[in-house]
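What follows is a set of notes on a single structure, which appears directly below.
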Amino acid sequence: MLSEALSKKGDSAVDDESVKDLRSSIEDLSSENSEFIRKIRDDLEAARTEQEKATEKSGSYRKSAGDEELKAKNIEEQIIALGGTVPPSEPETENPDGDPENISGKETKIPESAELRKLLSDLEKSRKKIRTYRLKAADKDREASEAAARIVSLDEQIADAENPEGLIKRLSEELISATEAYNKADKNAEGEYDISLNTVRKILFILGENKFTICKRERDTNSGWLTFRWRLNMTGIEHQLEREKKKLYRNLLKRQEYESGNLFYICPQHCVRLVFNEATENEFICPVCGDNLVYEDNEEFKALLDKRIEEFRQCL
Numbered sequence: 049m050l051s052e053a054l055s056k057k058g059d060s061a062v063d064d065e066s067v068k069d070l071r072s073s074i075e076d077l078s079s080e081n082s083e084f085i086r087k088i089r090d091d092l093e094a095a096r097t098e099q100e101k102a103t104e105k106s107g108s109y110r111k112s113a114g115d116e117e118l119k120a121k122n123i124e125e126q127i128i129a130l131g132g133t134v135p136p137s138e139p140e141t142e143n144p145d146g147d148p149e150n151i152s153g154k155e156t157k158i159p160e161s162a163e164l165r166k167l168l169s170d171l172e173k174s175r176k177k178i179r180t181y182r183l184k185a186a187d188k189d190r191e192a193s194e195a196a197a198r199i200v201s202l203d204e205q206i207a208d209a210e211n212p213e214g215l216i217k218r219l220s221e222e223l224i225s226a227t228e229a230y231n232k233a234d235k236n237a238e239g240e241y242d243i244s245l246n247t248v249r250k251i252l253f254i255l256g257e258n259k260f261t262i263c264k265r266e267r268d269t270n271s272g273w274l275t276f277r278w279r280l281n282m283t284g285i286e287h288q289l290e291r292e293k294k295k296l297y298r299n300l301l302k303r304q305e306y307e308s309g310n311l312f313y314i315c316p317q318h319c320v321r322l323v324f325n326e327a328t329e330n331e332f333i334c335p336v337c338g339d340n341l342v343y344e345d346n347e348e349f350k351a352l353l354d355k356r357i358e359e360f361r362q363c364l
């Protein structure tokens with residue numbers, strides 16, 4: 049289809065030999081990229097699941113802490129009603145010696161009443177639970193934050209990985225539509241190549257964002273309709289492709305380091321893919337479906353990464 053469009057184009061601003069070289073370059077970029085993106089998407093889904101579960105756990109711990117605070121307050125009221133003294137709460141931080149600071153500066157006097165002793169013991173247990181719940185909630189908040197950071201990073205990797213491939217696919221279609229649209233109306237492109245007007249417009253606007261086209265807008269004075277006239281601009285295509293290749297190459301190196309430096313365990317149902325430490329924390333149980341995690345041999349994927357990296361080294 050691309051060759052047909054180019055052959056029909058005839059003489060224009062796009063040189064046939066340049067288009068041939070461009071097509072060859074972008075086809076090289078797309079080879080074997082889908083498997084790489086699939087792996088990143090699996091990791092992205094796992095990170096999102098981890099973030100959701102960590103956020104859910106944090107909320108659960110905070111709710112438990114709130115319930116325990118109500119229980120502690122009730123115990124304090126009972127102690128006061130019996131004429132006892134409520135001891136101060138231990139602060140969240142510790143003093144340089146590692147012992148909790150005593151706010152009052154005095155030792156708590158042990159009451160003689162068995163009921164008061166039990167209430168004070170229950171109060172201390174309740175306060176310990178509150179501190180524990182708060183610490184666990186903070187840990188889960190940190191996990192959620194780390195997962196969010198990974199999500200951002202993985203999203204960027206996918207964007208970087210997909211951009212060359214997307215650019216390749218778009219350019220293949222764009223060279224069809226844009227060449228046909230060269231000094232022609234949108235409807236001609238739609239009729240001859242069976243491409244919807246919305247698709248043509250989308251492609252042209254993407255080309256415009258990447259400075260591959262020059263657009264001139266005209267308004268009909270009678271009807272008020274806007275007409276967009278597009279001309280193909282291939283001036284910066286080589287620089288753009290070179291920049292995208294370098295970005296993808298850097299991400300391939302990062303991924304290679306990540307895959308080589310970790311052991312991975314996956315859910316048989318493809319819910320999550322966890323590194324060893326994460327799998328240990330979850331006791332090698334899938335946090336989503338509860339199935340047993342299994343070791344994943346990623347040697348084939350690492351070999352694919354090595355091959356892709358070597359291909360990039362040769363062309364950069």
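Taking the numbering used here, the leading residue of the sequence shown gets 49, the next gets one more, and so forth.
Here a beta-carbon is modelled for each residue, glycine too, at the ideal position from N, C-alpha and C.
Where residue i falls, given that 16 or more other Cβ within 10 Å makes a residue buried
i	result
Leu183	exposed
Ile123	buried
Asp345	exposed
Arg303	buried
Cys363	exposed
Lys162	Lys is not the amino acid found at residue 162; the sequence shown has Ala there. With fewer than 16 Cβ atoms within 10 Å of its Cβ, Ala162 is classed as exposed.
Val200	exposed
Leu167	buried
Gly132	buried
Glu125	exposed
Leu255	buried
Ile128	exposed
Cross-strand partners of residue i (DSSP beta bridge)
i	result
Tyr313	Leu322, Tyr343
Trp278	Cys263
Ile333	Asn340
Distance, residue j Cα to residue i Cα
i	j	result
Gly272	Leu296	45 Å
Arg249	Gln288	21 Å
Lys350	Val323	15 Å
Asn310	Tyr109	30 Å
Asp234	Met282	Only weak support exists for where Asp234 lies, its pLDDT of 48 falling under 50; the value from the coordinates is given anyway. Whole-angstrom Cα-Cα distance: 20 Å.
Glu358	Thr247	36 Å
Pro136	Leu164	16 Å
Ala195	Asp90	14 Å
Gln99	Ser169	37 Å
Tyr181	Gly107	10 Å
Arg267	Lys259	23 Å
Lys87	Arg265	43 Å
Asn299	Ile85	11 Å
Glu257	Leu118	58 Å
Arg279	Arg356	35 Å
Phe372	Glu326	Past the edges of the chain, shown from 49 to 364, lies residue 372, and the structure says nothing about it.
Leu130	Arg321	56 Å
Val336	Cys319	6 Å
Ile285	Lys294	14 Å
Glu305	Lys177	41 Å
For residue i, the nearest candidate out of the options (CA to CA)
i	options	result
Gly338	Cys315, Glu329, Leu118	Cys315
Gln317	Asn340, Lys177, Ala102	Asn340
Cys334	Phe312, Lys294, Ser106	Phe312
Asp115	Glu257, Arg298, Ala327, Arg179	Arg179
Arg277	Cys263, Ile127, Ala192	Cys263
Glu172	Val134, Glu326, Thr103, Phe332	Val134
Ile206	Lys101, Glu292, Asp187	Glu292
Tyr343	Ile285, Thr328, Ala192, Ser193	Thr328
Ala186	Leu255, Val320, Arg361, Ala102	Ala102
Thr97	Lys177, Asn270, Ala192, Ile128	Ala192
Gly360	Glu290, Glu286, Asn270	Position check: residue 360 holds Phe in this sequence, whereas Gly was assumed. Ranking the options by Cα distance to Phe360, first place goes to Glu290.
Residue i: CB within 7 Å of a non-hydrogen atom of the ligand HEM
i	result
Gly107	Ligands are entirely absent from the displayed structure, and the ligand HEM is therefore not among its contents.
CB contact flag (residue i, residue j, <8 Å)
i	j	result
Ala113	Arg175	no
Leu301	Asp203	no
Arg198	Ala95	yes
Thr261	Leu274	no
Glu307	Leu353	yes
Lys188	Lys111	no
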